[in-house]
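Chemist:
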Amino acid sequence: MSVQSSSSTLRIVEPAIQNYAWGKVGSASKVALLAKEGDHTGSFKIDESKPYAELWMGDHPNGVCHMAQGGETIHAWFATEEGREFLGSVKQLPYLFKVLSIRLALSIQSHPDKALAQRLHRERPDLYKDPNHKPEIAIALTNFVGMCGFRPVSEIADFCKKFPELGSLLGADICRQLEGNVQGALKRAYSTLMRADGEAVTKTIAALVSRTPAAGDEAHSLAIELDRQFPGGDVGVLSVFFLNIVHMAPGQCLYLKANTPHAYVSGDIMECMACSDNVIRGGLTPKYKDVEVLLESLVFESRPASILKPSEMECGAKCEARTYAPDDIDDFEVVKVDAAGEGQLVPSKQCMSMGIIISGEGTINGMPVSQGEVVAIRAGAQISIIPEVNTKMEVFIGACGRNYSD
Numbered sequence: 001m002s003v004q005s006s007s008s009t010l011r012i013v014e015p016a017i018q019n020y021a022w023g024k025v026g027s028a029s030k031v032a033l034l035a036k037e038g039d040h041t042g043s044f045k046i047d048e049s050k051p052y053a054e055l056w057m058g059d060h061p062n063g064v065c066h067m068a069q070g071g072e073t074i075h076a077w078f079a080t081e082e083g084r085e086f087l088g089s090v091k092q093l094p095y096l097f098k099v100l101s102i103r104l105a106l107s108i109q110s111h112p113d114k115a116l117a118q119r120l121h122r123e124r125p126d127l128y129k130d131p132n133h134k135p136e137i138a139i140a141l142t143n144f145v146g147m148c149g150f151r152p153v154s155e156i157a158d159f160c161k162k163f164p165e166l167g168s169l170l171g172a173d174i175c176r177q178l179e180g181n182v183q184g185a186l187k188r189a190y191s192t193l194m195r196a197d198g199e200a201v202t203k204t205i206a207a208l209v210s211r212t213p214a215a216g217d218e219a220h221s222l223a224i225e226l227d228r229q230f231p232g233g234d235v236g237v238l239s240v241f242f243l244n245i246v247h248m249a250p251g252q253c254l255y256l257k258a259n260t261p262h263a264y265v266s267g268d269i270m271e272c273m274a275c276s277d278n279v280i281r282g283g284l285t286p287k288y289k290d291v292e293v294l295l296e297s298l299v300f301e302s303r304p305a306s307i308l309k310p311s312e313m314e315c316g317a318k319c320e321a322r323t324y325a326p327d328d329i330d331d332f333e334v335v336k337v338d339a340a341g342e343g344q345l346v347p348s349k350q351c352m353s354m355g356i357i358i359s360g361e362g363t364i365n366g367m368p369v370s371q372g373e374v375v376a377i378r379a380g381a382q383i384s385i386i387p388e389v390n391t392k393m394e395v396f397i398g399a400c401g402r403n404y405s406d
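Number 90 in our numbering belongs to position 90 of the sequence shown; there are no gaps in the numbering.
Below you can see the structure in the form of structure tokens.
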């Protein structure tokens, strides 16, 4: 695929690919397929034995993008006159934009708020490499399952009765507190679980997964599946009885605030977040579990998962544009464009946007583009998306929030 730069407002970017073990393998991965279709080097070949987990679009040093024309890193390009013009009024991109293809569950985790991120980076820069918070949104490309936020305390209390082995692990006193919804019971119960002796956790999981799930008992069925993925007594398996299980259809969006426990379980998603790679892990992972920091950071409130509804954006008669923008942060937003005819919009006035063509082909500002290609969009530029005749284009654009300032 040749690089064409016929527009002064667009540049083609080669994204970074992450091969984490939880990713879908080979051609089953949307990440791999998009990377192959969008490759301008001719060097990307899908290894059918290899996981392809994430495709990164941004300037974070843990996943460095390159410019398709010239091959320099995006950081080197930002140091040029053209790069600075594209970047806009910001010093660096305040967001990180990704595609994820999930085969195995990701870790039980949270992301720190700004104050905690600064402290952790100062105290343990080897583990927490960014002094920035990491709120994020996940938009489903395919059917998605995840866990997010704490269930109602009454549901956790019911699980303790239904599964005596879980109640025994937590202890009779804590189970009574949960049943009575005593203030602080949720924090005491989850802290007891996460700090429990490893042998006791292993025995509890073994007893629990030996049972046959009742019809419709999603939490029990998911616990059995997670134990299959993470055998040997991973305490994260038992988190399914504390966290909300979330299902999303394509186009639905989950908002993950700082200090919220969560784990992605399966599906393909677009993800956008503040520019940070900080993760506080507590389970479902062979990596280091920072349980005490996790428990210190979590907001112990029972509340439904936050499903973010998009707002309609003017685009054109045959074009639909929806903006996913949390109302309490300005670091990022995502625009989803479905174009059956010409659509025009300005993704961001303040800083450079990053767009990826998920399906279809056509032109953006006169530049031919097709599935898998990633484009940098100059700050303040209006873009015109025109699909091929009698076809549709689906484009996702990551940008800073409308009111963002450094």
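All C-beta atoms in this analysis are idealised placements derived from N, C-alpha and C, irrespective of residue type, glycine included. All figures in this text were calculated on a predicted structure; none of them were measured in a lab.
Excluding five sequence neighbours on each side, which residues of the same chain lie with their C-beta closer than 7 Å to the C-beta of residue 403?
Modeler: Cβ neighbours of residue 403 beyond the five flanking positions: 330.
Chemist: What number of angstroms, rounded off, separates the C-alpha of residue 28 from the C-alpha of residue 34?
Modeler: Approximately 11 Å between the Cα atoms of the pair.
Chemist: Could you check which residue in 393, 128, 47 has the C-alpha nearest to that of residue 361?
Modeler: Out of 393, 128, 47, 393 has the C-alpha closest to the C-alpha of residue 361.
Chemist: Which residue marks the beginning of the alpha helix (DSSP H) containing residue 74, and which one marks its end?
Modeler: Segment 74 to 78, the alpha helix (DSSP H) holding residue 74.
Chemist: What does the alpha-carbon distance come out to for the pair residue 336 and residue 259?
Modeler: So the alpha carbons of these two residues sit roughly 27 Å apart.
Chemist: In the structure shown, what three-state DSSP assignment does residue 95 receive?
Modeler: Three-state result, residue 95: strand.
Chemist: Under 6 Å Cβ to Cβ from residue 170, same chain only, skipping five residues before and after it: list those, please.
Modeler: Same-chain partners within the cutoff: 189, 192.
Chemist: State the Cα-Cα distance for the pair residue 69 and residue 12, rounded to the nearest angstrom.
Modeler: Answer to the nearest angstrom: the Cα atoms are 7 Å apart.
Chemist: Kindly give me the distance between the Cβ atoms of residue 350 and residue 315, rounded to whole angstroms, as I take these residues to be in contact under 8 Å.
Modeler: 20 Å between Cβ atoms; not a contact.
Chemist: Please name the residue in 76, 110, 61 whose C-alpha comes closest to that of residue 96.
Modeler: Of the listed residues, the one whose Cα sits closest to residue 96 is 61.
Chemist: Specify the secondary structure class of residue 14 as computed by DSSP and reduced to three states.
Modeler: It is a strand residue.
Chemist: Let me check one thing: in DSSP terms, what residues is residue 66 bridge-paired to?
Modeler: According to DSSP, residue 66 bridges with 14, 73.
Chemist: Starting from residue 372, follow the beta strand (DSSP E) in both directions and report where the run begins and ends.
Modeler: Counting along the chain, residue 372 falls outside any beta strand (DSSP E), and DSSP gives it neither H nor E.
Chemist: Checking 7 Å against the spacing of the C-beta atoms, do residue 312 and residue 325 come in under that value?
Modeler: Their beta carbons are not under 7 Å apart, which means residue 312 does not touch residue 325 by this criterion.
Chemist: Report the CB separation of residue 246 from residue 254 in whole angstroms; it is logged as a contact under 8 Å.
Modeler: Their Cβ separation, rounded to whole angstroms, is 6 Å, which keeps residue 246 and residue 254 in contact under 8 Å.
Chemist: DSSP on residue 298, reduced to helix/strand/coil?
Modeler: DSSP places residue 298 in coil when its eight states are reduced to three.
Chemist: Is the distance from the Cβ of residue 21 to the Cβ of residue 52 below 7 Å?
Modeler: Cβ atoms of residue 21 and residue 52: not closer than 7 Å.
Chemist: Indicate whether the contact test is met: 3 or more Cβ pairs, each with one atom in the stretch 42 to 52 and one in the stretch 380 to 390, closer than 8 Å.
Modeler: As far as the Cβ criterion goes, the stretch 42 to 52 does not touch the stretch 380 to 390, which means the pair count is below three.
Chemist: Would you list the residues sitting across from residue 313 in a DSSP beta bridge?
Modeler: Answer is 321, bridged to residue 313.
Chemist: Go ahead and pull the three-state DSSP assignment for residue 202.
Modeler: Helix, per DSSP.
Chemist: Kindly identify the DSSP beta-bridge partner or partners of residue 333.
Modeler: 399, per the DSSP bridge assignment.
Chemist: Just curious, the beta strand (DSSP E) that residue 160 is in, first and last residue?
Modeler: Where residue 160 is concerned, there is no enclosing beta strand (DSSP E), although the alpha helix (DSSP H) it sits in stretches over 153 to 162.
Chemist: Does DSSP put residue 19 in a helix, a strand or coil?
Modeler: Coil.
Chemist: In whole angstroms, give me the CA-to-CA distance for residue 149 and residue 306.
Modeler: Each residue's alpha carbon lies about 9 Å from the other.
Chemist: Is the beta carbon of residue 357 closer than 7 Å to that of residue 371?
Modeler: Their beta carbons are under 7 Å apart, which means residue 371 touches residue 357 by this criterion.
Chemist: Hey, would you say residue 36 sits closer than 7 Å to residue 101, going by beta carbons?
Modeler: Cβ distance not < 7 Å, so residue 36 and residue 101 don't count as in contact.
Chemist: With distances taken from CA atoms, which of 389, 125, 347 is nearest residue 376?
Modeler: Looking at the Cα atoms, 347 is the closest of the given residues.
Chemist: According to the Cβ coordinates, are residue 132 and residue 249 closer than 7 Å?
Modeler: Not in contact: residue 132 and residue 249 (Cβ atoms no closer than 7 Å).
Chemist: I'd like the span of the beta strand (DSSP E) that includes residue 121, first residue to last.
Modeler: Residue 121 -> not in any beta strand (DSSP E); alpha helix (DSSP H) instead, spanning 114 to 123.
Chemist: For residue 241, which of 405, 199, 261, 342 has the nearest alpha-carbon?
Modeler: Of 405, 199, 261, 342, the residue nearest in Cα terms is 261.
Chemist: Suppose contacts are defined by Cβ-Cβ distances below 7 Å. Is residue 83 in contact with residue 373 by that definition?
Modeler: No; because the gap between Cβ atoms is not below 7 Å, this pair is not in contact.
Chemist: Round the Cβ separation of residue 300 and residue 186 to the nearest angstrom and send it over; I've been treating them as touching at under 8 Å.
Modeler: The Cβ separation is near 5 Å, so the contact holds.
Chemist: Please state the DSSP three-state secondary structure of residue 111.
Modeler: The answer is coil: DSSP assigns residue 111 none of H, G, I, E or B.
Chemist: Starting from residue 273 and walking both ways along the beta strand (DSSP E), at which residues does that stretch end?
Modeler: Looking at the DSSP string, the run of the beta strand (DSSP E) that includes residue 273 is 262 to 274.
Chemist: So what's residue 408 in DSSP terms, helix, strand or just coil?
Modeler: Residue 408 is absent from the model: the chain starts at 1 and stops at 406.
Chemist: Of all the options 294, 122, 24, 155, which has the alpha carbon lying nearest to the alpha carbon of residue 103?
Modeler: The shortest C-alpha separation from residue 103 is found at 24.
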